[in-house]
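One structure is given below, encoded as structure tokens.
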Amino acid sequence: MAKEIPLRSQVNESDKWDLSSLYPCDEAWETDLQKLQKKVEEAGKFKGTLGKDPENLLSAMKWISDAFMLAEQVYVYASLKSSAEANDPENQRKMGVVSQVYTSLVAATSYMDPEILEIKNLEKWIESNDFDDSRVYLKKILRQKEHTLSPKEEEILAKQSELQGTPQRAFSMLTNVDMDFGKVDDIPLSQSTWSQFMISPDRDLRRRAYDQFYATYQGHEQTIATLYAGSVKQDIFNARIKGFDTALDAALYRDDVPKSVYTGLIEAVHKAFPTLHRYYALRKRILGVQELRHYDVYVPLVSSIKTHKTYEEAAEIVREALQPLGEDYVKTIYKGITTDRWVDRYENKGKRSGAFSSGGFIGAPYILLNYKEDVIGDVFTLAHEGGHSMHSYYSKRNNPFLCYDYTIFEAEVASTFNEQLVAKYLIDNAENETMKTYIIAKQIDDIIATLFRQTMFAEFELLCHTQQENGQPLTASTMRKTYRGLLEAYFGPEMKFEENSDLEGLRIPHFYNAYYVYKYSTGISAAIALSERVLNGGEQELQDYLGFLKSGGSKFPIQTLKGAGVDMSTQAPVEAATKKFANLLDQFEKLIG
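For the sequence shown, our numbering gives the first residue as 1034, with consecutive numbering after it.
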């Protein structure tokens, strides 16, 4: 019988995160919220004075740092409270209020960047030691010069920024709330239960759930296609109004990522198609089916092993697996996930599903989990989120506020790196061949999901945006045709698709955050390359990696990762990841006979 989900009040305090590093109580948060509202009111006091002299600019930078550090602290506290107990009306109020105030702060300070860009002697000014804490921040503003509008135009864009999320919010409401997927064998079919149907050993159940799920999408395909087309048009508008040729150029410019990284990723993955197709041929053989169907790709090839790892045991595994990262790293993460209570460990009513790491310059780098003792994957999740938290831990201890935050491009490296070490540890210490086979199968699945699948998504985004940029309208029909072509290319000749299989391209929420998903693919590629470099290297290789964690946002990601020992401007890291995929596949075939 399923264990009843407890109320938040019934969870042991030691199993909850300790938010006192942010605020000792809600009253202290309310006090800072009022301070933040006053910051919004006084934000215009620097208008027209930033270029007067270096002292005025320094004062403004100090104010910006203080204001946004406060805003981050207030926001993170409210966000964490809401994530742990979203059904509490008070937590809902906190999130609503702080979101509104944060948006107001952004709008109230939107005049600053255009005004800073008008300072003729800016490059000379910021060479002074007085600008040590804000030099990187100002240099990043400076490189935006040709893509920054007038102060009035930037203010208008800032004020309407909330409207830009309308396609994404409408898509979310439609697919998560309005669409009724019905039941299959009296079991509700929904976005959240879909994956459970797809891993069922009952093939007929998988087929019926698949057909019913996509039949529901087909009933709304014109609406969803219109929403996504609107999102793409918005991406293109935002890019062109800022002086970029394409939406891809705009997205990559923020992180100073060359276009060749994006296109090179796709090219390198295409080269690995023979190995990927070999995997699907193996899947077909193991499942013993005459035709491999799209609803057959998620059912596990290795039966889930019976395991029981308490949270404390999971923390011990993480500690042992991460030993190659050195004493300081291991000691810090272990204290964080145990006695220092960074982690909100278990499920409770109203708690957000899944897992994440979240924090700011002030306070601990917190982790939300919904840990289950019988799910070995949750050990990996703890290591993964711990990787994010340690990245934040080192970043904010080695950088001023205005340049401590790292990019998403870099974020997935630190988390996936830790998963690589946990996998190696569990394989090396496997109690039997079954456990070893299971972990290798998990690694194979992870590379397929994170490298191959996300690259397919990235290619779809590129094709859709390019089509619209070339004046060819996006419709449900053209989107489906494009996506079907990608399905056939990636899955290969062993796969037979259903009539509605290409509707998958209309159900991916990440597409409403343009050119985001490729970072998962580059992240796992860099993580695999760097983990092997550290494991096979010495002290210098370790220090190179720790230097990457400490760099925060002080450099752009390609430069930072190059310092760690991996050059993402080449296809070599992706090729290393696909080579590891091939090696894992070889090991897996030998183990299953």
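Positions of the beta carbon are idealized from the N, C-alpha and C atoms, including for glycine.
Keep in mind that this is a model prediction, so the values were computed, not measured.
Three-state secondary structure (DSSP) of residue i
| i | result |
| --- | --- |
| LEU1325 | strand |
| LEU1401 | strand |
| LYS1275 | coil |
| VAL1330 | coil |
| ILE1220 | strand |
| VAL1567 | helix |
| ASP1211 | helix |
| HIS1417 | helix |
| LYS1394 | Note that residue 1394 is Phe in the sequence shown here, rather than Lys. Reduced to three states, the DSSP call for PHE1394 is coil. |
| ASP1268 | helix |
| VAL1335 | coil |
| MET1034 | Only weak support is given to the placement of MET1034: the predicted model assigns it a pLDDT of 39, under 50, and the value that follows is read from those uncertain coordinates. It is coil, neither helix nor strand. |
| ASN1546 | coil |
| SER1602 | coil |
| GLU1118 | coil |
| SER1053 | helix |
| PRO1357 | helix |
| TYR1437 | coil |
| HIS1341 | coil |
| GLU1406 | coil |
| ALA1233 | A small fix is needed here, since residue 1233 is Ser in this sequence, not Ala. If DSSP states are grouped into helix, strand and coil, SER1233 belongs with coil. |
| ARG1540 | coil |
| ASN1432 | coil |
| ILE1152 | coil |
| LYS1595 | helix |
| THR1371 | coil |
Residues sharing a beta bridge with residue i, DSSP
| i | result |
| --- | --- |
| TYR1553 | DSSP, once it has assigned bridges, lists no residue as partnering TYR1553. |
| ASP1377 | LEU1401 |
Limits of the unbroken beta strand (DSSP E) element including residue i
| i | result |
| --- | --- |
| SER1390 | 1389–1391 |
Start-to-end residues for the alpha helix (DSSP H) that takes in residue i
| i | result |
| --- | --- |
| ALA1141 | 1122–1141 |
| SER1587 | Run containing SER1587: none; DSSP gives neither H nor E here. |
| ARG1239 | 1236–1251 |
| SER1225 | It is not in any alpha helix (DSSP H) - SER1225 carries neither H nor E in the DSSP assignment. |
| SER1205 | 1199–1206 |
| GLU1188 | 1184–1192 |
| ASP1165 | Taken as a continuous stretch (DSSP letters only), ASP1165 belongs to no alpha helix (DSSP H), as it is neither H nor E. |
| GLN1620 | 1605–1625 |
| LYS1666 | One cannot answer for residue 1666 here, as it falls past the ends of the chain, which runs 1034 to 1626. |
| TYR1312 | 1306–1320 |
| TYR1286 | 1280–1286 |
| VAL1290 | Careful: VAL1290 lies outside any alpha helix (DSSP H) and carries neither H nor E. |
| LYS1178 | No alpha helix (DSSP H) holds LYS1178; DSSP gives it neither H nor E. |
| PRO1147 | 1145–1149 |
| GLN1043 | It is not in any alpha helix (DSSP H) - GLN1043 carries neither H nor E in the DSSP assignment. |
| THR1082 | Taken as a continuous stretch (DSSP letters only), THR1082 belongs to no alpha helix (DSSP H), as it is neither H nor E. |
| THR1064 | 1059–1075 |
| GLU1156 | 1155–1158 |
Any chain C beta carbon closer than 8 Å to residue i
| i | result |
| --- | --- |
| TYR1110 | Looking for chain C here will not work: only one protein chain is present. |
For the region 1442–1479, list the alpha helix (DSSP H) runs that are entirely contained and at least 4 residues long, ordered along the chain.
Correct list: empty.
Taking one C-beta from the region 1079–1095 and one from the region 1144–1164 each time, how about it: are there three or more such pairs within less than 8 Å?
Verdict: yes, contact present.
At 4 residues or longer, what runs of the alpha helix (DSSP H) sit wholly inside the region 1491–1537?
List check, alpha helix (DSSP H) in window: 1509–1524.
Any contact between the region 1419–1434 and the region 1483–1497? By contact I mean 3 or more CB pairs, one from each, below 8 Å.
no
So, do the region 1175–1184 and the region 1112–1125 have three or more beta carbon pairs nearer to each other than 8 Å?
Short answer: they don't touch.
Count the C-beta pairs between the region 1473–1482 and the region 1451–1461 that are closer than 8 Å, then say yes if the count reaches three, no if not.
yes
Would you check if the region 1480–1488 and the region 1292–1309 touch, i.e. whether three or more CB-CB distances between them fall below 8 Å?
yes
Do the region 1322–1331 and the region 1598–1615 make contact, defined as three or more Cβ pairs closer than 8 Å?
no
Do the region 1520–1538 and the region 1546–1565 touch if we need at least three Cβ pairs shorter than 8 Å?
no
Three-pair Cβ contact test at 8 Å for the region 1393–1408 versus the region 1128–1146:
no
Does the region 1042–1050 come close enough to the region 1376–1390 to have 3 or more Cβ pairs within less than 8 Å?
yes
At least 3 beta-carbon pairs within less than 8 Å: the region 1445–1455 vs the region 1563–1570:
yes
Report yes or no: do the region 1182–1192 and the region 1203–1221 share at least 3 C-beta pairs separated by less than 8 Å?
no
Can you confirm whether the region 1381–1392 touches the region 1331–1344 when touching is taken to mean that 3 or more C-beta pairs between the two stretches lie within less than 8 Å?
no
Indicate whether the contact test is met: 3 or more Cβ pairs, each with one atom in the region 1257–1264 and one in the region 1352–1363, closer than 8 Å.
no
Evaluate contact between the region 1618–1626 and the region 1580–1596, counting only Cβ atoms and requiring at least three cross-stretch pairs below 8 Å.
no
Examine the Cβ distances between the region 1271–1290 and the region 1577–1585 and report whether three or more of them are shorter than 8 Å.
no
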